[in-house]
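Colleague:
Residue numbers (the working numbering), protein chains in the order written: chain G, 308 to 687; chain P, 308 to 687.
1. Determine the direct distance from the alpha carbon of residue 546/P to that of residue 540/P, and round the result to whole angstroms.
2. Is residue 439/G buried or exposed, if buried means 16 or more other CB atoms sit within 10 Å of its CB?
3. Taking residue 636/P as the query, report the chain G residues whose CB atoms sit under 8 angstroms from its CB, ordered along the chain.
4. Please classify residue 405/G: is it buried, with 16 or more other beta-carbons within 10 angstroms of its beta-carbon, or exposed?
5. Taking the beta strand (DSSP E) that residue 496/P belongs to, which residues open and close that run?
6. Within its chain, find whatever has a CB closer than 7 angstroms to the CB of residue 558/P; leave out the 5 residues flanking it on each side and keep chain order.
7. Report the residue from 469/G, 487/G, 447/G, 529/G whose alpha carbon sits nearest the alpha carbon of residue 509/G.
8. Quick check on residue 401/G: does DSSP put it in helix, strand or coil?
9. Closer than 6 angstroms by C-beta to residue 687/P: which residues in its own chain qualify, once you throw out the five before and the five after it? Chain order, please.
10. DSSP three-state call for residue 449/G: helix, strand or coil?
11. Can you tell me whether residue 390/P sits near the ligand ATP, meaning its C-beta is under 7 angstroms from at least one heavy atom of the ligand?
12. Using only the alpha-carbon positions, how far apart do residue 463/P and residue 462/G sit?
13. Just grab the DSSP bridge partners of residue 615/G for me.
14. Which class does residue 361/G belong to by DSSP, given the choice of helix, strand or coil?
15. Ordered along the chain, which non-local residues of its own chain (more than five positions away) have a Cβ less than 6 angstroms from that of residue 480/G?
16. Between 566/G, 333/G, 486/G, which has its C-alpha nearest residue 614/G's C-alpha?
17. Leaving out five residues before and five after residue 488/G in sequence, what residues of the same chain have Cβ atoms less than 6 angstroms from its Cβ?
18. Could you tell me the boundaries of the beta strand (DSSP E) in which residue 556/P lies?
19. Report yes if the CB atom of residue 342/G is closer than 8 angstroms to the CB atom of residue 672/G, and no otherwise.
20. By the 9 angstroms beta-carbon criterion, what residues does the region 443 to 462 of chain G contribute toward chain P?
21. Is it right to say residue 641/P is buried, meaning 16 or more other beta carbons lie within 10 angstroms of its own, or is it exposed?
22. If we count the other Cβ atoms within 10 Å of its Cβ and call it buried at 16 or more, is residue 373/P buried or exposed?
23. Residues in the same chain with beta-carbon distance under 7 angstroms from residue 654/P, minus the five sequence neighbours each way, listed in chain order, please.
24. Using a beta-carbon distance cut-off of less than 9 angstroms, what residues from the region 565 to 582 of chain G approach chain P?
25. Go ahead and label residue 402/G buried or exposed: buried means 16 or more other beta carbons lie within 10 angstroms of its beta carbon, across all protein chains shown.
26. Is there a Cβ from chain P that is less than 8 angstroms from the Cβ of residue 487/G?
27. Using a Cβ-Cβ distance under 8 angstroms, would residue 540/P count as near chain G?
28. Could you pull the start and end residues of the beta strand (DSSP E) that residue 624/P belongs to?
29. Residue 532/G to residue 329/P, Cα distance in whole Å?
30. Name the two residues that bound the continuous beta strand (DSSP E) containing residue 550/P.
31. Since residue 493/P contacts residue 400/P with CB under 8 angstroms, what's their CB separation in whole angstroms?
32. Consider the Cβ of residue 589/P: report whether some Cβ of chain G lies at a distance smaller than 8 angstroms.
33. Which of the three DSSP states, helix, strand or coil, is assigned to residue 513/G?
34. Residues in its own chain within less than 7 angstroms of residue 429/G by CB, not counting five upstream and five downstream?
35. Measure from the C-beta of residue 556/G to each C-beta in chain P and report whether the shortest distance is under 8 angstroms.
36. Counting beta carbon pairs with one atom in the region 370 to 385 of chain P and one in the region 656 to 672 of chain P, are three or more of them shorter than 8 angstroms?
Okay, here's the thing in structure tokens:
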């Protein structure tokens, strides 16, 4: 089966996480993605090792986000290399970058210059906080974007310090928005033959991500307030949350509190059976539930609640999840060989096309490994 | 200016959050999105009020995610209505649904049946955990998907209970993946005239979202471990985290620990200046930083660290953010009038096209408000 983006060529000047995450998805869906990297060091993400984890001299993080791409090295401070890159641009459908505002203009690779070479180009750019304004030079880093966006007041309990999401969520969501914008512009390019510039930023993306709570704030002026106990969403009432049980934990979603209490034997809760009272009294209700759920194992609670279709679940770690048949049937893993004695196992594309799971056998590229091929192919 | 998806028609059978979030983005980018809703009650999300917030009888959540859409009512258990819907499908480019596995087949609206009406249709479907396997009937709800995915072991400190992200992150990220898949298939449709089925699930999406940590686990077998203090990312060493100051808090990102300590006057840290030691010793380093940052206000620390280009930031809530010029210049807000005396303020599309911010004046639709117009337009 052909993939939907087969025949589309993307030049990725982007480094680190947000831009390359968009490129990864386009590659998963069939595009040819060529990373344009500076000689020797390449994408700075190659050196960004979390937990000191490396594979073949590049960080594991770099490997996970650059699978299925090619690498072409060019020194963008060298006019000859810029000319070569411009020849590649003439053959591309999409380019992306996340340089600071002004850099691409200096290199002669801003949208207007690129459009002069290739009028139907789709030009994607990522910034931290937009190209203008007091934060235009603030580092576009995930934790900082989370911290200014209000997001750190959503997780953890009410008395906790500001609690960031323990994942680079601003980068990730911004990368998904970039991919959306690029793809929408590609639809237009294929229909009408015209190009477009697509701009995203960590801050705009992480605000969109919060639109539910943010909209409530904009209309009521009320700040999100985490529940004192078992907070799982500052705008939802009890019992919504995760509770410790006699052996592990249980997630309790929305549902009829009467069903929950009556079936599991929690008395004295009838005052709260009406949903209208379950937000303002959430700490009181949750305190009762904390004591209650401690008295039995997760299995016992699930055996009581699941047959009643009460929305609840065990709480798993990676170890338990990956041993579960419900995980195995997804075939989420793929192992990429990188040279004779080296391989890395990572996830596949989360999107299935015509029922087919999209695996890809190509690992992240060695710096400049596509130079020879591209020079020949495009007569560079 | 025209938007990139102008002329594209989407029929949205999806309810709640994930599917409609994809539809919202397509609408933002110029598509005509028509919600197909059951009579009277409509999309179940209309009744899903967080924090008991309502506007004109619909939940604020519904309003935020369905701006800029039309509504057509149809009873899919009625053959006449199904025939009408099929006429609409013949004129559409995309349809999406999030019914449980099997339902669309029973209604005669599965991919094969729809393809018989419209061979180039792009057909999007959302499930909780895939269409097969032991969890195919498990409720596809955000907190439950988070709980089985391992995500609850990323945020909060090491001794904390499993800590969910305080936002419907599985829904949101799954919706962004759906939009990506639909758009990639639209690119193919416009190039080659063929359709595709695009399938996503909360679980596959929330695993992709964790690919960094998950890949580390798959290769090393080591589980994520939150730091005991100021955790902000279980795979990153000190000083990465948020710290209380004399008056508020400060976010401290990656950077040279020597610069941080020397400039701010923290002694006795030279043993940790080498980055190799900063993961295994993170709790010790962070404990020192906790005491240190308490001694001055955030402003004082920022005045010391920012000129040295150390990546750091104040930590804001919605109130402080929305008063900041760096926020105001983004023009993220838009106010939608809904009838004479009712309006709602919400966010705009986070993606800019050709430098233009995409606002949209149309609020979420009243149930069935497009019936008359569509009946006339398509001779239903």
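We treat Cβ as the ideally placed atom computed from N, Cα and C, and that holds for glycine.
Modeller: In terms of the structure at hand:
1. 11 angstroms
2. exposed
3. 437, 439, 440, 441
4. buried
5. First-last for residue 496/P: 476 to 499, but that is the alpha helix (DSSP H), not the beta strand (DSSP E).
6. 549, 619, 620, 622
7. 447/G
8. strand
9. 391, 394
10. helix
11. What this structure holds is no ligand at all, so the ligand ATP is not there to describe.
12. 8 angstroms
13. In the DSSP output, where bridge partners are listed per residue, residue 615/G has none listed.
14. strand
15. 512, 516
16. 566/G
17. 505
18. 556 to 559
19. yes
20. 443, 445, 446, 448, 449, 450, 451, 452, 453, 454, 455, 456, 457, 458, 459, 460, 461, 462
21. buried
22. buried
23. 639, 640
24. 582
25. buried
26. yes
27. yes
28. Neither: residue 624/P is in no beta strand (DSSP E) and is coded neither H nor E.
29. 28 angstroms
30. 548 to 551
31. 7 angstroms
32. no
33. helix
34. 400, 401, 489, 492, 493, 496, 502, 503, 505
35. yes
36. yes
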